[in-house]
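**Q** Take this structure first; my questions come after.
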Amino acid sequence: MSENCVFCKIAKGEIPSRNVYEDDRVVAFYDINPQAPVHVLVIPRRHIDSLDGFTVDDRDLAGYLLERTAHVARELRLAEPGYRISINTGAHGGQEVFHIHVHILGGRPIGPLASRR
Ligand code: 5GP
Ligand code: ZN
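For the sequence shown, the working numbering assigns the number 14 to the initial residue and increments by one for each residue that follows.
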């Protein structure tokens, strides 16, 4: 638990969230400000600031986070016709919450990867 981390609080149930999946290591919940018809965030329960915070010791968790993301997307019936995942990292990556999270965006064609070069 990192003090005042909103996603740690969601993982502990201290802030309400609309969860779509949870187990002992990860939680998936709907984004409060959806950017697509389906917008879900998948987080590890353990606090890691960002993708840049993953170390070799976190390989198993990193793989599990990605595999569970695919599982959640399948459960939400997004696998066909497809979806976008994003792990925004740092300031230029557009990261606002510094507890690593995978965005799942779907329910419409998501379009180009970036709006500007
Ligand atoms: P980032 O920009 O860090 O990649 O994405 C953070 C995401 O977290 C944003 O899409 C934002 O809407 C979402 N978010 C921020 N605070 C909350 C919250 O309290 N609950 C939920 N469900 N989503 C949140
Ligand atoms: Zn956290």
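Even for Gly, the Cβ is constructed at its ideal location relative to N, Cα and C.
(1) Starting from R38 and walking both ways along the alpha helix (DSSP H), at which residues does that stretch end?
(2) Using only the heavy atoms of the ligand 5GP, determine whether one of them is closer than 7 Å to the beta carbon of G103.
(3) Check L126 in the structure and name its three-state DSSP category.
(4) In chain order, what residues of the same chain have a beta carbon less than 6 Å from the beta carbon of S30, not counting five sequence neighbours either side?
(5) For the region 37-113, list the alpha helix (DSSP H) runs that are entirely contained and at least 4 residues long, ordered along the chain.
(6) Let me check one thing: in DSSP terms, what residues is L32 bridge-paired to?
(7) Going by the CB atoms, is the gap between I56 and G112 shorter than 8 Å?
(8) By Cβ distance below 7 Å, which residues in the same chain neighbour C21 in space, the five residues on each side in sequence not counted?
(9) Run the CB neighbour count on V69, radius 10 Å, all protein chains shown included, and call it buried at 16 or more, exposed below.
(10) Any heavy atom of the ligand 5GP inside 7 Å of the beta-carbon of E16?
**A** On the basis of the data shown:
(1) For R38, there is no enclosing alpha helix (DSSP H), as DSSP gives it neither H nor E.
(2) Within 7 Å of the C-beta of G103 there is not a single heavy atom belonging to the ligand 5GP.
(3) coil
(4) Same-chain partners within the cutoff: I23 and F42.
(5) Restricting attention to alpha helix (DSSP H) runs no shorter than 4 residues, the region 37-113 encloses them at 72-88, ordered along the chain.
(6) The question names Leu, yet the displayed sequence has Asn at residue 32. According to DSSP, N32 bridges with F42.
(7) In the sequence on display, residue 112 carries His and not Gly. Going by C-beta atoms, H112 is nearer than 8 Å to I56.
(8) M14, S15, H60 and H112
(9) exposed
(10) no
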